[in-house]
Each structure stands twice: as C-alpha cells, then as structure tokens.
Amino acid sequence: MTPDVVRVRPLPDYQLEAEFATGEWRVFDMRPYLAYPAFAALAEGSLFMKAHVVLGTVAWTDEIDISPDTLYLCGLPV
38 MTPDVVRVRP LPDYQLEAEF ATGEWRVFDM RPYLAYPAFA ALAEGSLFMK
88 AHVVLGTVAW TDEIDISPDT LYLCGLPV
C-alpha cells in the first residue's frame with residue numbers, strides 16, 4: 038500500500054510535486070494524462086494550478102482527482 042499525499046505543489050508544464058506521509062517527495066508529469074477525458078479540463082485555463090490534497094489524494098474538483106498510488110509509483114523521486 039502506498040502512502041497518502043500530505044502536500045502538493047502544481048508546477049509549470051503540468052507537473053505535480055507531491056509530498057507523501059513518509060516524507061518522500063515525487064514529481065509526476067500529468068501531460069500524458071491530459072489526453073484522457075477525465076483530465077481534459079485541466080489543460081484549459083488555470084484549473085491545473087488549483088491542485089490540492091483531499092484525504093490523501095490530489096484533487097482539483099469534486100470530479101477530478103488522481104490516486105496517490107499513481108503519483109507514488111509513476112512519479113520520479115526528488
């Protein structure tokens with residue numbers, strides 16, 4: 038089981054820098070995901086920069102979020 042996200046920083050070029058409950062930081066590239074309908078709205082305007090943590094998960098709206106498993110397993114250690 039992967040740890041929860043405790044802090045997130047949206048970065049330019051659709052990157053997320055996430056801190057996990059273990060104290061580890063990972064950088065995750067969201068660009069490939071923007072082609073999927075579930076994340077397409079993040080490519081428009083400033084919505085992507087509104088990323089925040091909700092119950093250990095990174096979310097943008099009530100309908101758009103990404104699992105901590107994906108961020109941890111596919112993110113690059115900082």
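Okay, so the sequence shown: first residue is 38 according to my numbering, each after it adds one. Every residue gets a Cβ at the ideal spot worked out from N, C-alpha and C, and that includes glycine.
Item: Helix, strand or coil for residue 49, going by three-state DSSP, please let me know.; Value: coil
Item: Going by DSSP in three states, residue 92 sits in which element: helix, strand or coil?; Value: coil
Item: Roughly how many angstroms lie between the CA atoms of residue 84 and residue 78, to the nearest whole one?; Value: 7 Å
Item: So residue 66 is in the beta strand (DSSP E); what residue range does that whole segment cover?; Value: 62-66
Item: Counting only the same chain and skipping the five closest in sequence on each side, list residues whose C-beta sits under 8 Å from that of residue 117.; Value: Outside the shown range of the chain, which is 38 to 115, sits residue 117, and nothing can be said about it.
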